[in-house]
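Its first residue numbered 102, the sequence shown is counted upward by one per residue in this note's numbering.
Don't be surprised by glycine CBs; every beta carbon is placed ideally from N, CA and C.
None of these values were measured; they are calculated from a predicted model.
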Amino acid sequence: MYREKIDVVFDDGDSILSRILQQQQSDASRAETLPPEAYNSDSFFRLEEDKVFRQDWLFVGHESQIAAVNDYFTLDVVGEPLLILRNEEGIAVFSNVCLHRWAPIAQGSGNSRSFVCPFHNWTYNTQGKLSGAPSMNQVQDFDRQQCSLPKIRHEVVFGMIFVTFNPHAQSIAQRLSPLSERFQRYHFADLVTAYTLDYDCPYNWKMAIETFMECYHHAAVHRNTLEDSFPGRLSSIKDDGPGWTICHQPLRKNGELSEILTEGLLPFTGLNDEQMRYSELVLLYPNCLLSLNPDRITISAILPISTTATQWHRVVLVSQESARQSDFSQTAERMKHGSVAIIDEDQWINAEQQRGSRSRLARPGRLSHLETTVWHLANYLKTRMAE
Ligand code: FES
Ligand SMILES: [Fe+2]
């Protein structure tokens with residue numbers, strides 16, 4: 102099954118792509134990984150940016166992060182600084198690049214009725230219109246009324262905000278509609294943000310997603326944490342579609358509910374006994390990761406920065422009743438602490454994986470049935486990149 106090493110210059114993205122397109126996509130039991138070059142080539146990364154990230158829908162955050170009028174947050178998506186805000190009309194997404202000399206206008210998150218560029222004080226309102234530009238009165242043919250930040254197309258699906266740079270992309274709401282029952286089950290429309298976590302990952306974006314989407318690594322990487330209650334060998338992958346794939350992660354047999362529930366949170370109402378005993382890991386291609394648990398939801402935006410650098414934007418959501426509990430701030434603090442411990446374990450192994458994948462001796466590896474989601478992501482990429 103192992104093919105020869107790609108016989109090309111290390112950084113030839115087109116050759117890597119043509120080799121990838123020859124990998125079979127029909128039989129999971131014959132699945133192998135993408136070639137390691139796909140995680141190390143700058144020119145292949147640029148192809149991914151052009152053919153995937155600039156064409157498809159990208160998750161950027163949850164509407165509860167900007168619950169009040171004038172709330173905003175910022176992030177960079179494939180090199181595009183974005184300003185995501187709520188104005189009187191609802192949610193809007195703008196380019197966060199000043200029309201003067203390109204400094205990003207807003208930083209971080211907060212609540213503001215206007216945004217003043219930190220370079221020369223040009224000022225924009227929440228409609229994206231330039232409302233002030235000092236000392237520009239001697240400039241010919243400059244009409245600030247005509248100046249607006251470019252607006253980015255977006256859709257909100259069950260509270261999740263998606264953007265696309267492709268004016269022709271098919272509606273994401275339509276694509277995700279087969280998952281609506283699942284989103285309703287976890288009360289997606291009524292969730293509130295418990296906390297957010299942003300961190301840098303020193304590895305390729307696909308490694309971040311693949312590791313999140315399989316439990317095969319629990320027995321090694323998380324042997325002292327997740328593996329006890331969620332043994333990787335019990336996980337299963339059976340439910341994928343053109344826009345997503347799902348890994349089912351059950352609680353161990355005879356495990357206590359306290360092992361899956363978080364002290365201080367109330368479980369979502371309406372879940373049956375079986376639904377109380379599993380979590381689901383969902384990938385909405387290409388960059389949205391969800392973890393659906395009986396009492397909390399994690400939604401992550403995986404934001405590629407370069408071939409070996411990725412930004413992870415993580416939002417943890419709970420029900421409004423949970424957030425109203427008197428000790429909620431301590432509960433949120435404890436949850437954050439617990440997830441950082443697991444994140445550190447994954448950060449370490451993914452950085453190691455990146456290091457190993459640079460080897461000229463590394464080849465595509467065979468995948469366990471517990472890793473079919475890794476193959477699903479590869480197949481999604483092949484389909485998008487063949488277009
Ligand atoms: S770059 Fe924004 S005001 Fe000059
Ligand atoms: Fe992990």
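- Distance from the Cα of I117 is smallest, within the candidate group Y140, A132, Q125 and A129, for Y140.
- Residue pairing by DSSP puts W345 in a beta bridge opposite G342 and L385.
- A residue is called buried when at least 16 other Cβ atoms come within 10 angstroms of its Cβ; T346 meets this threshold and is buried.
- Using a Cβ distance threshold of 8 Å, S440 and L292 do not count as a contacting pair.
- In the DSSP annotation of this structure, the continuous segment of the alpha helix (DSSP H) that includes Y481 starts and ends at T473 to A487.
- Around ligand 1, the residues selected by a Cβ distance under 5 Å to any of its heavy atoms are C199, H201, R202, A204, C218, F220, H221 and W223, following chain order.
- Under the 10 Å beta carbon count, R459 is surrounded by fewer than 16 other beta carbons and is classified as exposed.
- DSSP places F289 within a helical segment (H, G or I) once states are collapsed to three.
- Bounds of the beta strand (DSSP E) holding W413 are A410 to V419.
- In this structure, DSSP gives N451 a helical state, which the three-state scheme calls helix.
- Under the three-state reduction of DSSP output, F266 falls in the coil class, being neither helix nor strand.
- A Cβ-Cβ separation of about 6 Å places L231 in contact with L200 under the 8 Å criterion.
- Straight-line spacing of the CA atoms in A169 and I310 works out to 31 Å.
- In the DSSP assignment, L159 forms a beta bridge with V264.
- Secondary structure at A132: coil, using DSSP grouped into helix, strand and coil.
- Bounds of the beta strand (DSSP E) holding R187 are E181 to N188.
- Ligand 2 has a heavy atom closer than 7 Å to the beta-carbon of V322.
- Sorting T312, G191 and P351 by C-alpha distance to the C-alpha of T227 places G191 at the top.
- Around the C-beta of G209, fewer than 16 other C-beta atoms lie within 10 Å, and the residue is accordingly described as exposed.
- Less than 8 Å divides the Cβ of V198 from the Cβ of P182.
- Taking all protein chains shown into account, K339 has fewer than 16 neighbouring C-beta atoms within 10 Å of its C-beta and is therefore exposed.
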